[in-house]
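S.K.: Before I ask anything, let me first share the structure, which is written out below as structure tokens.
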Amino acid sequence: MHPIRTFTTRVLLGALLAAGLVSESALADIVIGQTAGHSGTVASSVKETTQGAKLYFDIVNAAGGVNGQRITLVSLDDKFDPKLAAANAKTLIDQGVIALFLTRGTPHTQAIMPLLVEHKIPLVAPSTGAMVLHKPVNPWLFNVRATYQREAERSIEHLSLIGIERIALVQVDDTFGDDAVQGALAGLTKTNKTAVAHEKYDRAKPDFAAIVPRVMAKQPQAVLFLGSGSAVVQGMKAVRATGSTAQLVTLSNNASAGFIKDLDEVGRGVIVSQVFPYERSLTKPIIKEAAEAAQHAGVELTPTGVEGFVSAKLLVEALKRAGNQPTRQSLRTALEKLNHLDLGGVEVGYSTTDHTGLDYVDLAIVDQNGKFRR
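Numbered by mature numbering (1 follows the signal peptide of the UniProt record, and there is no 0), the letters in the sequence shown go through residues -28 to -1, 1 to 346 in order.
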């Protein structure tokens, strides 16, 4: 294992400037690293999540930073490619970031996980709910959102409650799909059902022209799509092109305004599970704070924006407790001592044996105006 390298602000910024990772105007003392699909199939939701995080970092920096130190988020584009995600993470680690933050994708985060232990660096708030990130506990990984399995199970339970019996599953053929589908299957078992169809598609080259006719042949009343971004959009449009009126459902990784925009007229009535409080619940202090920040910045607050905002606030609270000159180790220690932390109507807590974070799951439906409603 390599020892954790400590950098002065000047040396770190010099290295980041030389690598082209920050601008000359970035006067940060604390640098956080992110690798995510800023281009590719999940670009719209990654943009909104990152935007939400920056809204909170801007609030903190405007107030003088954390213990007098400003925060900069350095974001690299991995194009939703697991190999590039791992390479980007190594680049950020080598440049001395104190933590990795808001990675996106299950196989992508899995590719990064060995680096966390090797370099003893925390990864905070991976934007994925894979069970493998929760159990067994990785000492350097701190989840914020609920698991995909719980989302999928809750979605199936809801479909059963509204009288839907014939449910089809369409999943991406990777570790994310294989993980999330376990929750769907658990929900089906709990409601004494079996899937009328269960199909998998290739993440890189989905072929819904072949898959959807097989699914529709089983006459499903609902289709649960377990996948990401543009691939799920393609699948849902293919279902509607057959004339089917089946209820379409997907998980919170697609809870973005960009996803709804891409669905266009197909979007109305789509159910999307949610893992954070409703972005219009202004009675919750953290939602009110996020909404005011978004309004000030002239951007729309979306469910994925809330995820970024909440995750950034959690990270800042840990940094405040990590000492005047925080290190990767002191940040991890601070995170593990956060017990029943109220972020403003949202409570998060960790320990040495539990890095789960929230267990909040709700459902939203896309209305006629292209907005999420609960």
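The C-beta atom is built at its ideal place from N, Cα and C for all residues, glycine as well.
(1) Does S11 come out as helix, strand or coil in the three-state DSSP assignment?
(2) In chain order, which continuous runs of the alpha helix (DSSP H) of length 4 or greater are located wholly inside the segment 223 to 285?
(3) Is the beta carbon of I128 sitting closer than 8 Å to the one on G159?
(4) Along the alpha helix (DSSP H) that carries K62, what are the first and last residues, could you check?
(5) Have a look at N33, K51, A167 and I70 and flag the residue whose alpha-carbon is nearest the alpha-carbon of Q297.
(6) Using DSSP bridges, identify the partner residues of R76.
(7) How would you call D236, buried or exposed, if buried means at least 16 neighbouring beta carbons within 10 angstroms?
(8) Which residue's Cα is closest to the Cα of L315: L330, A294 and T305?
(9) In three-state DSSP terms, what is T34?
(10) Just reading off the beta strand (DSSP E) that I139 is part of, what are its end residues?
(11) Can you check whether the CB of Q6 is closer than 8 Å to the CB of F52?
(12) Helix, strand or coil, according to DSSP, for Q301 in the structure here?
(13) Hey, quick one: how far does the alpha helix (DSSP H) through D150 stretch, first residue to last?
(14) Do A265 and A290 have their C-beta atoms within less than 8 Å of each other?
(15) Which value, in whole angstroms, describes the spacing of the CA atoms of V187 and S228?
(16) Given 8 Å as the limit, is there contact between the segment 17 to 25 and the segment 81 to 94, that is, 3 or more CB pairs closer than that?
(17) Are the segment 57 to 69 and the segment 178 to 193 touching, with three or more C-beta to C-beta distances below 8 Å?
(18) For H170, name the three-state secondary structure that DSSP assigns.
(19) Quick check on DSSP: helix, strand or coil for L335?
(20) Given that a residue counts as buried once 16 or more other Cβ atoms are within 10 Å of its Cβ, and exposed if not, what is N164?
M.R.: So, from the data block:
(1) coil
(2) 229 to 235 and 257 to 269
(3) yes
(4) P54 to D66
(5) I70
(6) S99
(7) exposed
(8) L330
(9) Reading off the sequence, residue 34 comes out as Ala, not Thr. Looking at A34 - three-state DSSP - the assignment turns out to be helix.
(10) I139 to V144
(11) no
(12) helix
(13) T147 to K162
(14) no
(15) 26 Å
(16) no
(17) no
(18) strand
(19) strand
(20) exposed
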